[in-house]
Amino acid sequence: MNVDGAMLKNGRGGGIGGILRDSGGRTLMTFSEPTGPGPPILAELLAIRFGLALFNALYPGNNQRLILECDCQTAVNWISSPAGCSPILKDIVLEIVRLCRIGERKFRIIPRAINIEVDRLAKDGIG
Numbered sequence: 296m297n298v299d300g301a302m303l304k305n306g307r308g309g310g311i312g313g314i315l316r317d318s319g320g321r322t323l324m325t326f327s328e329p330t331g332p333g334p335p336i337l338a339e340l341l342a343i344r345f346g347l348a349l350f351n352a353l354y355p356g357n358n359q360r361l362i363l364e365c366d367c368q369t370a371v372n373w374i375s376s377p378a379g380c381s382p383i384l385k386d387i388v389l390e391i392v393r394l395c396r397i398g399e400r401k402f403r404i405i406p407r408a409i410n411i412e413v414d415r416l417a418k419d420g421i422g
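Using our numbering, read the sequence shown as starting at 296 and increasing by one per residue.
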């Protein structure tokens with residue numbers, strides 16, 4: 296699953312997007328959803344949470360492997376070490392950590408330049 300978050304420059308609205316592909320690279324589904332106001336890191340975390348929750352709902356159980364790709368190193372660092380995250384965003388980070396405990400979940404940081412398709416979905420979510 297590849298996810299991304301986008302926020303308006305004034306921070307008054309944002310969107311999240313994602314693409315779920317199988318191991319052969321075939322698209323299984325996409326999502327594009329609006330979010331409320333906030334900083335860009337919030338949109339990234341919301342995209343990760345939404346993607347994980349969606350995958351866990353579609354494939355319940357502990358035997359499903361997921362590689363979640365995003366372009367936000369800060370978000371992945373916070374998920375790996377929640378003690379270092381912003382106190383304001385700690386609840387969402389801890390929820391993501393909880394969602395990662397189901398099955399095998401790995402994160403991969405990808406360059407923003409190759410995240411174009413998911414970036415468009417996130418921006419579509421803004422409206």
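Backbone N, C-alpha and C define an ideal beta-carbon position, used for all residues, glycine too.
What did DSSP end up calling residue i once you bin it into helix, strand or coil?
{"i": "K304", "result": "coil"}
{"i": "S375", "result": "helix"}
{"i": "P382", "result": "helix"}
{"i": "N297", "result": "strand"}
{"i": "G313", "result": "strand"}
{"i": "C367", "result": "coil"}
{"i": "I291", "result": "Given a span of 296 to 422 for the chain in the structure shown, any question on residue 291 remains unanswerable."}
{"i": "D362", "result": "Sequence inspection shows Ile at residue 362; the Asp mentioned does not correspond to that position. In this structure, I362 counts as strand in the three-state DSSP scheme."}
{"i": "P335", "result": "helix"}
{"i": "R393", "result": "helix"}
{"i": "R321", "result": "coil"}
Among the options, whose alpha-carbon lies nearest the alpha-carbon of residue i?
{"i": "V413", "options": "N305, M324, P355, G306", "result": "M324"}
{"i": "G319", "options": "I397, M296, L389", "result": "M296"}
{"i": "G300", "options": "G356, R316, I397, L340", "result": "L340"}
{"i": "R415", "options": "E328, N372, Y354, L337", "result": "E328"}
{"i": "L441", "options": "N410, A408, C395, I411", "result": "The structure shown does not extend to residue 441, since the chain is modelled only from 296 to 422, so the question has no answer here."}
{"i": "N358", "options": "I397, D419, A408, G420", "result": "I397"}
Can you find the residues in the same chain that come closer than 8 Å, C-beta to C-beta, to residue i, ignoring five residues on each side of it along the sequence?
{"i": "G331", "result": "G308, G309"}
{"i": "R316", "result": "M296, N297, T322, L323"}
{"i": "R407", "result": "D366, D414"}
Grab me the residues of residue i's own chain with a C-beta within less than 6 Å of its C-beta, minus the 5 sequence neighbours each way, in chain order.
{"i": "F326", "result": "G313"}
Under 7 Å Cβ to Cβ from residue i, same chain only, skipping five residues before and after it: list those, please.
{"i": "I343", "result": "V298, L363, C365, A370, I391"}
query = Does the stretch 361-370 come close enough to the stretch 402-410 to have 3 or more Cβ pairs within less than 8 Å?
reply = Touching, per the Cβ criterion.
ask   = Is the stretch 379-398 close to the stretch 296-306, with three or more CB pairs under 8 Å?
value = Touching, no, given that fewer than three Cβ pairs across the two stretches are closer than 8 Å.
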